[in-house]
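Novice:
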Amino acid sequence: MALRSRSAVPRRQDEGRHVAGGGAGRRPAPGTGGTRSAAQRAGQGNHRAPLGGVAATSHRLRRSPDPTGGAPMSDTWTHRQIHELAPALAGGNVSPVELTEQLLARAAASPLNAFTTLLHDQARSAADEAAREIAAGLYRGPLHGVPLSIKDLFRVAGAPTTAASAVTSRTPSSRDAPVVARLRAAGAVVLGTCNLHEFAFGTTGEDSAFGPALHPLDQSRSPGGSSGGSAVSVAAGLAFASLGTDTGGSVRIPAAACGLVGLKPTFGEITCDGVIPLAPTLDHVGPLARP
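Numbering (this note's numbering), first residue to last: 2 to 292.
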């Protein structure tokens with residue numbers, strides 16, 4: 002069983018300060034159970050079926066009118082693939098600063114609860130550095146200036162590593178996990194850390210001290226897990242890709258539920274150093290991105 006705490010539900014972190022998280026879809030109170038009737042699941046938008054795209058009843062898909070919470074959607078790049086964005090960034094046709102600002106605003110306004118921490122100042126600084134380097138002809142490659150998100154199971158400098166649990170420390174990490182450091186070295190802009198099933202021990206994302214991440218196409222359904230927040234951040238156009246972990250499907254399940262591509266690499270191909278383990282002999286680090 003995943004570890005749980007009876008303490009008050011914490012709020013999403015924002016540069017070390019508490020900000021309001023997405024409040025929809027908290028876990029049932031102790032003693033009430035999680036069982037709901039088919040009629041309740043069919044008629045109430047904040048109740049989720051066990052897995053994205055799978056419901057116990059046959060009813061019309063309830064799509065959110067604006068999964069970003071009303072944030073501006075004027076920039077058509079926010080739902081593009083990285084291979085389309087990279088040449089535009091390299092050629093100066095898209096500004097990493099403007100793109101990062103837009104995604105931060107969208108993420109902050111979104112009701113989907115994809116992020117546990119938004120690193121506003123850090124992301125802006127990285128985007129500004131990327132813009133200066135690209136303008137000077139110092140292009141690092143296809144991730145240079147691309148805004149990404151990281152599952153809240155990785156050490157990310159400046160953000161607490163919570164594993165979506167109320168029992169973990171809220172002290173910001175002083176270092177990056179090696180895989181996060183490599184992304185930064187490639188010029189990627191880290192927007193923040195993403196919600197997940199507590200301690201990555203589950204495939205629905207239901208159990209999180211921050212409340213569950215919600216599917217961007219239908220908030221009554223689960224985006225899958227455990228890397229559900231990572232999948233939501235990409236599918237909702239809040240990040241261009243995300244870094245997750247996969248022990249028994251935790252990248253592949255949310256990728257499938259949200260219409261993304263998720264990869265579980267060969268074991269040991271990508272180091273798990275700086276990642277809170279679930280099963281060290283089975284854990285993998287893997288990406289999620291738009292197909």
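Ideal placement from N, C-alpha and C gives every residue a C-beta, glycine not left out.
Note down, in chain order, each residue of its chain lying with its Cβ closer than 7 Å to the Cβ of A256, except the 5 sequence neighbours on either side.
Specialist: Contacts found: A232, V262, G263 and L289.
Novice: Can the beta-carbon of V191 be found less than 8 Å from the beta-carbon of L149?
Specialist: Result yes, Cβ atoms of V191 and L149 sit closer than 8 Å.
Novice: I need the DSSP call for R125, collapsed to helix, strand or coil.
Specialist: Looking at R125 - three-state DSSP - the assignment turns out to be helix.
Novice: To the nearest angstrom, report how far apart T163 and L139 are at their CA atoms.
Specialist: Cα-Cα distance, rounded: 35 Å.
Novice: Across which residues does DSSP place V157 in a beta bridge pair?
Specialist: DSSP output for V157 lists A160 as bridge partner(s).
Novice: With DSSP run on the structure shown, which of helix, strand or coil describes L289?
Specialist: If DSSP states are grouped into helix, strand and coil, L289 belongs with the strands.
Novice: Three-state secondary structure (DSSP) at P148?
Specialist: Reduced to three states, the DSSP call for P148 is strand.
Novice: Here's a check: name, in chain order, each residue in its chain whose Cβ is nearer than 7 Å to the Cβ of R176, leaving out the five neighbours to either side.
Specialist: If we look at R176 and ignore the five residues flanking it on each side, its Cβ neighbours are R156 and A158.
Novice: Under 8 Å, do A93 and A137 count as touching if we go by C-beta distance?
Specialist: Ala is not the amino acid found at residue 93; the sequence shown has Gly there. For G93 and A137, no; Cβs fall outside 8 Å.
Novice: How long is the line joining the alpha carbons of V180 and E134, rounded to whole angstroms?
Specialist: Approximately 22 Å between the Cα atoms of the pair.
Novice: Please name the residue in A91, V168, A182 and L105 whose C-alpha comes closest to that of R141.
Specialist: Nearest option by C-alpha distance: A91.
Novice: Applying the 10 Å Cβ sphere with the 16-neighbour rule, what's the burial state of G269?
Specialist: G269 should be labelled exposed.
Novice: Using a Cβ-Cβ cutoff of less than 7 Å, which residues in the same chain neighbour I83 once the five nearest sequence positions on both sides are dropped?
Specialist: Correct list, in chain order: P143, V147, F241, A242 and A290.
Novice: According to DSSP, is T272 helix, strand or coil?
Specialist: Coil, per DSSP.
Novice: Using beta-carbon positions only, say whether C259 and H198 come within less than 8 Å of one another.
Specialist: Contact flag unset, no.
Novice: Kindly list the residues whose CB is nearer than 7 Å to the CB of D129, restricted to its own chain and excluding five residues on each side of it in sequence; keep chain order.
Specialist: Around D129: V98.
Novice: Which residue's Cα is closest to the Cα of H145: G203, L184 and T272?
Specialist: When only C-alpha atoms are compared, the closest one is L184.
Novice: Is the beta carbon of G229 less than 8 Å from the beta carbon of L119?
Specialist: Contact flag unset, no.
Novice: Can you name the start and end residues of the alpha helix (DSSP H) that L100 belongs to?
Specialist: Unbroken alpha helix (DSSP H) run through L100: P97 to A110.
Novice: Within 10 angstroms of the Cβ of S111, are there 16 or more other Cβ atoms? Answer buried if so, exposed if not.
Specialist: It is buried - the Cβ of S111 has at least 16 other Cβ atoms within 10 Å.
Novice: Between the Cα of T248 and the Cα atoms of S234, G238 and P278, which residue gives the shortest distance?
Specialist: The shortest Cα separation from T248 among S234, G238 and P278 belongs to P278.
Novice: Per DSSP, which residues does T246 bridge with? Please list them.
Specialist: Note: T246 sits in a beta bridge opposite V286.
Novice: Return yes when the Cβ of T204 is within less than 8 Å of the Cβ of G238, no when it is not.
Specialist: Cβ distance not < 8 Å, so G238 and T204 don't count as in contact.
Novice: Have a look at V235, T169 and V168 and flag the residue whose alpha-carbon is nearest the alpha-carbon of L218.
Specialist: Comparing Cα positions, the closest option is V235.
Novice: What span of residues does the alpha helix (DSSP H) with A232 cover, start to end?
Specialist: Residues G229 to A236.
Novice: Give the secondary structure of V262 by DSSP, where H, G and I count as helix, E and B as strand, and everything else as coil.
Specialist: V262 falls in the strand class under three-state DSSP.
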